[in-house]
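A.B. asks: Dropping the structure in here first, questions after.
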């Protein structure tokens with residue numbers, strides 16, 4: 402239980418779908434939405450859960466090739482490597498992070 406952990410649980414922010422109050426989500430000119438620290442954040446602090454669709458490298462490559470084939474320079478990619486085989490794509494199924 403969280404009460405048994407010194408300093409409390411580190412995952413409560415995830416279960417409550419919280420974003421660190423020191424972070425502001427706003428437009429990054431020419432880039433789309435971005436997360437910006439509005440004050441210093443101590444190392445190791447919870448920022449926000451990064452949620453999205455778990456896809457393979459093969460699917461990531463297919464999605465990027467599809468956008469490239471249509472030459473859609475305005476389309477943004479919101480992908481992060483989880484490890485060498487899996488990617489989190491939050492374009493369609495993501496959250497504020």
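Numbering (our numbering), first residue to last: 402 to 498.
C-beta atoms are modelled at their ideal positions from N, C-alpha and C, and glycine is treated no differently.
Computed from a predicted structure; not experimentally measured.
Tell me whether the segment 452-468 and the segment 478-494 touch, counting them as touching only if at least three CB pairs, one residue from each stretch, are closer than 8 Å.
C.D. replies: yes
A.B. asks: Whole angstroms is fine: what's the gap from residue 427's alpha carbon to residue 465's?
C.D. replies: Residue mapping note: residue 427 aligns to position 26 of the chain shown, counting from 1. Residue mapping note: residue 465 aligns to position 64 of the chain shown, counting from 1. Distance between the alpha carbons of residue 427 and residue 465 is about 25 Å.
A.B. asks: If you draw a straight line from the alpha carbon of residue 440 to that of residue 424, how long is it in whole angstroms?
C.D. replies: Sequence index remark: in the chain shown, residue 440 carries index 39 (1-based). Sequence index remark: in the chain shown, residue 424 carries index 23 (1-based). Near 8 Å, if we compare the C-alpha coordinates of residue 424 and residue 440.
A.B. asks: Looking only at DSSP bridge pairs, what is residue 436 linked to?
C.D. replies: What you label residue 436 is simply residue 35 of the chain shown in a count that begins at 1. Answer is 426, bridged to residue 436.
A.B. asks: In this structure, does DSSP put residue 464 in helix, strand or coil?
C.D. replies: The residue labelled residue 464 in the question sits at position 63 within the chain shown. Helix, per DSSP.
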